[in-house]
Amino acid sequence: MFSVGGKARNMAAVVLRSCRNGLSHILKNGGVATILPKTLGGVRQKSYVQYVTRPELPKLAYRRVKGKSPGVVFLPGYGSNMNGLKAEALEEFCRSLGHSYLRFDYTGHGLSEGVLTDGTIGTWKKDVLFVLDELAEGPQIMVGSSMGSWLMLLAAIARPEKIAALVGISTAADHVVTAFKSMSLEVRKEIEEKGVLTMPSKHREEGVYTFTMDFLKEAENHCVLQSPIPITCPVRLIHGLKDDDVPWHISLQVAQRVLSPDVDVILRRHGQHRMAEKDDIKLMVYTIDDLIDKLTTLV
Numbered sequence: 001m002f003s004v005g006g007k008a009r010n011m012a013a014v015v016l017r018s019c020r021n022g023l024s025h026i027l028k029n030g031g032v033a034t035i036l037p038k039t040l041g042g043v044r045q046k047s048y049v050q051y052v053t054r055p056e057l058p059k060l061a062y063r064r065v066k067g068k069s070p071g072v073v074f075l076p077g078y079g080s081n082m083n084g085l086k087a088e089a090l091e092e093f094c095r096s097l098g099h100s101y102l103r104f105d106y107t108g109h110g111l112s113e114g115v116l117t118d119g120t121i122g123t124w125k126k127d128v129l130f131v132l133d134e135l136a137e138g139p140q141i142m143v144g145s146s147m148g149s150w151l152m153l154l155a156a157i158a159r160p161e162k163i164a165a166l167v168g169i170s171t172a173a174d175h176v177v178t179a180f181k182s183m184s185l186e187v188r189k190e191i192e193e194k195g196v197l198t199m200p201s202k203h204r205e206e207g208v209y210t211f212t213m214d215f216l217k218e219a220e221n222h223c224v225l226q227s228p229i230p231i232t233c234p235v236r237l238i239h240g241l242k243d244d245d246v247p248w249h250i251s252l253q254v255a256q257r258v259l260s261p262d263v264d265v266i267l268r269r270h271g272q273h274r275m276a277e278k279d280d281i282k283l284m285v286y287t288i289d290d291l292i293d294k295l296t297t298l299v
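Counting in full-length UniProt numbering, the sequence shown runs from 1 upward without gaps.
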């Protein structure tokens, strides 16, 4: 079962069930998360960048806050990194409640080693699984943005014992593969001859996302929407109706295919792809807060 919401304020009302431990002090500065001094005992703290070494694989950069379970892991989108507004807001939120939090850069992203254009969905799935296995302790609420939501689903399938709940933002599951296959045969042949698929995006400096045919072929091995998705934990999917990069109906498809009986879809009438406006981030934070409350109550 899943529910679909309407206006932004109505959606926020659905999930504004708890406002614990200074949560009301979060997100006061135009979308940049801030905890007031009384929340952290008068001392503002922040995680620092660390690196983890893997045999024969690029080093991964990460930031971690230790705390209680369930922890929260943030997965950024394609070409993005762990220092965006959503990632920063979640660290402040988790620290305010005393829960553990982990954010990191995939291979070829941000401060991690590697080259972005050499990466694949499989490459970044391995990154996520490594982080879950080696850096995350106990059950985790995974929060994925765009491509990060696709990786989130893949990780939940591969490591169900590590996942307490999922929160997808502008979920892009299978998107690049689906977009290519939906093109006419003539256009696809032209792309195959060039060896490159470009997809417009106003969120990229170049104005487009660029994917090689090798990337597309490898990505096909990780598609999840053709059959039931074996995920049974609580799932929350937030998507903007004005998302020009990833169609919002992908979130509905995910909701229809996951096996979990606890799935909600929240549609933001004016939401865009990045979902980084103040009210978007508030909704994300309160959605996670509600899940933490639900999971700890169950325990």
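Each residue gets a CB set at the ideal place from its N, CA and C atoms; glycine is no exception.
Look up residue i in the DSSP assignment and say whether it is helix, strand or coil.
{"i": "Q253", "result": "helix"}
{"i": "P200", "result": "strand"}
{"i": "H25", "result": "Note that H25 scores 42 on pLDDT, short of 50, meaning its location in the model is unreliable; the coordinates nonetheless yield the value given after this. Helix, per DSSP."}
{"i": "P139", "result": "coil"}
{"i": "S96", "result": "helix"}
{"i": "Y101", "result": "strand"}
{"i": "K66", "result": "coil"}
{"i": "V115", "result": "coil"}
{"i": "H109", "result": "coil"}
{"i": "G122", "result": "helix"}
{"i": "D174", "result": "coil"}
{"i": "E88", "result": "helix"}
{"i": "A156", "result": "helix"}
{"i": "E192", "result": "helix"}
{"i": "A179", "result": "helix"}
Report, in whole angstroms, the separation of the C-beta atoms of residue i and residue j, which I expect to be a contact under 8 Å.
{"i": "A155", "j": "L197", "result": "That belief does not hold up - the Cβ atoms of A155 and L197 are roughly 25 Å apart, past 8 Å."}
{"i": "P234", "j": "L259", "result": "The Cβ separation is near 12 Å, so there is no contact."}
{"i": "V52", "j": "Y101", "result": "With a Cβ gap of about 16 Å, V52 and Y101 do not count as contacting."}
{"i": "A219", "j": "T123", "result": "Their Cβ separation, rounded to whole angstroms, is 11 Å, which puts A219 and T123 out of contact at 8 Å."}
{"i": "V224", "j": "D174", "result": "6 Å"}
{"i": "M82", "j": "G110", "result": "6 Å"}
{"i": "M213", "j": "G195", "result": "5 Å"}
{"i": "L166", "j": "M152", "result": "6 Å"}
{"i": "V263", "j": "A276", "result": "The pair is not a contact, with the Cβ atoms about 24 Å apart (cut-off 8 Å)."}
Closest to residue i by C-alpha separation, out of the options, would be which residue?
{"i": "F74", "options": "L57, V258, G67 and Y106", "result": "Y106"}
{"i": "H203", "options": "V265, Y286, S260 and D243", "result": "D243"}
{"i": "L241", "options": "S184, G67, S251 and T53", "result": "S251"}
{"i": "K181", "options": "P160, A158 and L216", "result": "L216"}
{"i": "G71", "options": "F93, R54, M199 and P55", "result": "F93"}
{"i": "G168", "options": "D289, S149 and G98", "result": "S149"}
{"i": "L57", "options": "E88, G108 and R95", "result": "G108"}
{"i": "R54", "options": "S96, N221, V176 and D127", "result": "D127"}
{"i": "R159", "options": "D133, M147 and T171", "result": "D133"}
{"i": "G114", "options": "G77, K59, V131 and E161", "result": "K59"}
{"i": "I281", "options": "A89, K68 and Y62", "result": "A89"}
{"i": "F104", "options": "K125, L97 and D118", "result": "K125"}
{"i": "H273", "options": "K46, G77, A255 and Q50", "result": "G77"}
{"i": "Q253", "options": "R269, G67, P228 and R268", "result": "P228"}
Just list the residues that DSSP pairs residue i with in beta bridges.
{"i": "G144", "result": "L75 and G168"}
{"i": "A61", "result": "Y51"}
{"i": "I266", "result": "I238"}
{"i": "V258", "result": "I229"}
{"i": "I163", "result": "Q140"}
Is residue i close to chain D, meaning its C-beta is less than 9 Å from at least one C-beta of that chain?
{"i": "S100", "result": "The chain inventory of the structure shown lacks chain D, comprising one protein chain alone."}
Q: Let me know the beta strand (DSSP E) ranges lying completely inside the stretch 203–248, each 3 residues or longer, listed in chain order.
A: 208–212 and 235–240
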